[in-house]
C-alpha cells in the first residue's frame with residue numbers, strides 16, 4: 001500500500017533503523033576517512049552520534065512527527081561526535097525547525113523540510129565544503145524538488161539513487177579523496193542513513209541493504225595519507241555548554257574562527273555545542289567557560305589517532321582503534337553526556353530489592369530510586385560479576401588498543417576483585433586496573449582525567465601513574481541527613497544513631513587515601529553542614545593548588561546543588577563543577593538528603 005503520509009511513528013522507526021544500520025558500517029567508514037583529517041574516526045564518531053539518537057527515540061512515546069523530529073535533533077546535539085556528527089546534528093535541527101508542531105507530513109511537505117534542513121546546514125557553517133556530507137544533503141533536496149513523488153517509498157528510492165550517484169562524484173570535488181582513491185566517509189555515512197530509512201519505509205530491508213554498493217578501499221588507504229602537524233591543527237576539540245543566556249552561534253563563531261578550522265557551532269535553547277580543530281584547546285575551553293556551565297569538553301590528539309591508523313594497517317587490522325579506552329563501574333556518577341562524550345564503557349552495579357535485581361543506570365535511575373528510598377525501601381547492593389567485566393572489556397576492545405579500568409575503591413566493594421578476575425582471563429587487548437580509592441564523583445573525576453590523558457596520547461602506565469599522583473591530593477566529603485541508612489548498613493550502632501538523632505547531629509564522612517569511609521566531622525543542624533564542609537575543603541586543598549575540579553552529588557535533594565556550587569564558585573573563582581545524583585548503589589547507604597563534594601587537585 002502506498003505511503004502518502006509520514007506519521008511520527010514511521011519517522012521514529014525509520015530513524016532508529018537508519019541509526020542502527022550506520023553503526024554496523026562504522027569500520028568501513030573509518031577505513032576511508034581521509035578528509036578533513038586522516039585520523040580514521042569518522043565511522044566511530046557517526047556511529048556514536050547515531051547511537052545517541054536511536055537510544056533517545058526508543059524511549060520516546062509522543063506520536064506527532066514534530067515531537068519525533070525535535071527529540072532526534074536534541075539527542076543528536078547532545079551526542080554529536082566529530083565534524084560529521086556535528087553536521088548531522090545541524091541537519092536534524094534544521095529538519096525539526098521546519099517540521100514544527102505538525103502531526104504528520106505529506107510528500108510535498110517532506111520535500112520542503114528536506115530543502116530547509118539542507119539550507120540550514122549551509123547557513124550554519126563557516127566554510128561549507130562540497131564533496132562531503134553537505135553535497136549529499138543538498139542533492140537529496142534537489143532530487144525531491146525535481147519532480148513530485150507519488151508516495152514515500154518512491155521518494156526515498158529516488159533520494160537514495162541520487163545520493164549514491166553524488167557519493168561516487170565526491171573524489172572529483174576533493175583532491176584528498178581522489179589521491180587516496182576513496183569516497184568521502186561522512187558522505188557515505190549519510191548515504192547509509194538513507195539506506196536504513198528506505199529499508200524501514202519500504203518494509204523490506206533487502207531493498208536497501210543488499211543493493212548498497214560497497215565503495216570499499218584497501219585498509220591501508222588512510223595510513224598512506226600524510227598528517228602534517230605543521231600545516232594542520234592538531235587537536236580535535238569539542239565542548240558542550242549549558243546556560244540561560246548563551247550568545248548566538250554567529251557570535252561564538254566570530255570569536256573562535258581564528259583559533260582553528262573545521263569549526264562547527266550549534267546553539268539550541270540553553271545548549272551550545274562546539275567542534276573545532278585547534279592547537280590551543282584550553283583557550284577554547286576558557287572562552288566557553290565564560291558563557292555558561294562547561295558540561296563536557298575533550299581534546300583528542302589527531303596525530304596520535306593517525307599513528308594508530310598506521311599501526312592498524314601494519315598489523316592488517318581493518319578497524320583503526322583509539323590507543324586507550326576507559327572502563328568504569330557505575331559508582332562513578334558521571335553524567336551520561338560526559339560518559340558518551342569520552343566513550344567510557346560503564347559496568348552497572350546492581351540493587352537487590354525483594355525478588356528484583358536492578359542494574360544501576362540501566363534498569364533504574366537515580367530519580368526512580370529516590371522515590372523508593374522515600375517510601376522506606378531498604379534495598380541491598382551487589383557488585384558486578386567477572387562476566388560483566390569481560391563483556392565490558394570486549395566492548396572496549398572494539399574501539400581501543402588497550403583498556404584502563406578506573407574502579408570503585410577496593411576497600412569498599414568487591415568490584416575491583418571482579419574486574420581483576422576478568423582481566424586475568426581477558427586476552428584480546430591489555431587491561432590496566434586502577435583502584436580509584438574513591439567512589440561517586442571522586443572516582444568519576446579520576447575516570448574523566450584518565451579519558452582526557454588517553455585522548456592526548458598518554459600510555460596506560462602514564463595514565464595510572466598520573467591518577468595515583470592526583471588521587472593522593474584529592475578526596476570526597478559526604479554529608480548525611482539521617483542515621484537511618486547508616487544504621488541499616490551497620491556503619492553505626494543503634495545507640496550512636498539514637499543519640500545523634502536526638503541531638504540533631506549531622507555527620508560528615510570522607511573517603512581517606514586508603515579508600516575507606518571515615519568520619520571527618522559532625523555538626524548540629526542541617527544549616528551548619530555547608531559552612532563546615534567549606535572549612536574542611538580549605539584544610540584539604542593546598543593554597544598553592546593550581547587547577548582544581550569539583551563534583552557535587554546528592555541523594556534525592558537536588559535543591560542543594562546550586563547552593564553548594566555557588567559556595568564553591570565564591571571561594572575558588574570559576575572552577576569546573578560537575579553535578580549529578582549520587583548512584584543508587586551509594587544512595588542506599590547514605591539515605592535521602594545526603595550530599596557530597598568531590599575535589600580533584602590536578603596541579
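Numbering (our numbering), first residue to last: 1 to 603. Ideal Cβ placement from N, Cα and C applies to all residues, glycine included.
Alpha carbon of residue 217 to alpha carbon of residue 134, nearest angstrom: Bear in mind that a pLDDT of 40 at residue 217, under 50, signals an unreliable position, so the number given afterwards is only what the model happens to contain. Answer to the nearest angstrom: the Cα atoms are 22 Å apart.
Beta-bridge pairing of residue 382 - partner residues as DSSP gives them: 350
First and last residue of the uninterrupted beta strand (DSSP E) at residue 478: 475 to 479
Where residue 596 falls: helix, strand or coil (DSSP): strand
Paired residues, beta bridge with residue 237 - DSSP: 276 and 299
Alpha carbon of residue 330 to alpha carbon of residue 461, nearest angstrom: 23 Å
Own chain partners of residue 196 with C-beta closer than 6 Å, once the 5 adjacent residues on each side are dropped: 17, 18 and 21
Residues sharing a beta bridge with residue 432, DSSP: 404
Distance CB(residue 233)-CB(residue 296) smaller than 9 Å: no
Classification of residue 298 by the beta-carbon crowding that lies within 10 angstroms, buried from 16 upward: buried
Beta bridge counterpart(s) of residue 324 as assigned by DSSP: 402
Nearest-angstrom Cα separation, counted from residue 402 out to residue 431: 6 Å
Three-way DSSP call (helix, strand, coil) for residue 495 in this model: Residue confidence for residue 495 is low, a pLDDT of 43 falling below 50, so the modelled location carries little weight; the figure read from the coordinates is stated next. It is helical.
Alpha-carbon spacing of residue 108 relative to residue 64, whole angstroms: 18 Å
Local Cβ density within 10 Å of residue 571, reported as buried at 16 or more and exposed below that: exposed
Continuous beta strand (DSSP E) stretch holding residue 260: start and end: 260 to 268
DSSP state of residue 551 mapped onto helix, strand, coil: strand
Outcome for residue 131 when other beta-carbon atoms lying within 10 angstroms are tallied against a minimum of 16: buried
Check whether residue 56 and residue 71 have beta carbons under 9 Å apart: yes
Sufficient close CB pairs (3 or more, under 8 Å) joining the region 584 to 600 to the region 555 to 567: yes
contact_flag[the region 274 to 289, the region 252 to 265] where n(CB pairs < 8 Å) is 3 or more: yes
Assigned secondary structure, residue 178 (DSSP; H/G/I helix, E/B strand, else coil): helix
Supposed contact pair residue 355 and residue 444 - C-beta distance, whole angstroms, cut 8 Å: Their Cβ separation, rounded to whole angstroms, is 31 Å, which puts residue 444 and residue 355 out of contact at 8 Å.
Residues bridged to residue 5 [DSSP beta-bridge criterion]: 106
Distance CB(residue 344)-CB(residue 438) smaller than 9 Å: no
Close beta carbons around residue 539, own chain, < 8 Å, minus the five adjacent residues each side: none
N-terminal and C-terminal residue of the beta strand (DSSP E) that residue 506 is part of: 505 to 511
Alpha-carbon to alpha-carbon, residue 166 and residue 140: 9 Å
Rounded separation between residue 350 and residue 169 - CA only: 52 Å
Exposure label - residue 24; buried when at least 16 CB within 10 Å: exposed
Continuous alpha helix (DSSP H) stretch holding residue 578: start and end: Premise fails: residue 578 lies in the beta strand (DSSP E), 576 to 581, not in any alpha helix (DSSP H).
Per DSSP, the bridge partner or partners of residue 604: Past the edges of the chain, shown from 1 to 603, lies residue 604, and the structure says nothing about it.
Of the listed residues 124, 529 and 416, nearest to residue 389 (C-alpha basis): 416
Reduced DSSP category for residue 411 - H, G, I as helix; E, B as strand; rest coil: coil
Cβ neighbours of residue 618 in the same chain (closer than 8 Å, five flanking residues each side left out): With the chain running from 1 to 603 in the structure shown, residue 618 is simply not present.
Supposed close pair residue 479, residue 529 - CB separation, criterion 8 Å: 5 Å
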